[in-house]
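Below is one structure, written out as structure tokens; comments come after it.
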Amino acid sequence: EASYTFDCNQYKNSCKDEKANESKSKTIGTSELLKEKIPKFPAIKIIGQYNKTYILGEYAGTLYMIDQHAAHEKIMFEKYLNDINCGDIIIQPLMIPTVIDLSMDD
Numbered sequence: 001e002a003s004y005t006f007d008c009n010q011y012k013n014s015c016k017d018e019k020a021n022e023s024k025s026k027t028i029g030t031s032e033l034l035k036e037k038i039p040k041f042p043a044i045k046i047i048g049q050y051n052k053t054y055i056l057g058e059y060a061g062t063l064y065m066i067d068q069h070a071a072h073e074k075i076m077f078e079k080y081l082n083d084i085n086c087g088d089i090i091i092q093p094l095m096i097p098t099v100i101d102l103s104m105d106d
């Protein structure tokens, strides 16, 4: 039987660019760097799904119900934030709009 875990902290500090992490560690004190690596939530063992809406998980004898929609939004937000911080996101500059004059009949 496969065992799955739900890690709420999967995009924390996962830059692909090691130089960014090296320069960050030079400018941030050791105590601040350690604070970043402490996960907010434990890795929860997934035990099922309820009503196609909630993820059911267990950790240390406690049952957790996680709203799938909210969890997905959080994961995607952290992924985009990480991509921006790592410089992995492609940004398209705004284009100059074309002004079109229309009459009332058009």
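Counted the way UniProt numbering counts, the sequence shown spans residues 1 to 106. Beta carbons: idealized from backbone N, C-alpha and C, even for Gly.
Straight across, the Cα-Cα distance linking Asp101 with Gln92 is about 27 Å. If only complete runs of 4 or more residues are kept, the UniProt domain "MutL C-terminal dimerisation" (47 to 104) shows the alpha helix (DSSP H) at 68 to 86, in order along the chain. Residues Phe6, Gly57, Tyr59 and Tyr64 of the same chain have their beta carbon placed closer than 6 Å to that of Ile44, with the five preceding and five following residues left out of the count. Looking at Leu94, Pro97, Asp105 and Lys52, the one whose alpha-carbon comes closest to that of Asp67 is Lys52.
For the 8 Å CB-CB criterion, Ile55 and Ile46 form a contact. Pairing Asp83 with Ile75 gives a Cβ-Cβ distance that is not under 8 Å.
In the same chain as Asp105, and ignoring 5 residues on each side of it, no C-beta atom comes closer than 6 Å to its own.
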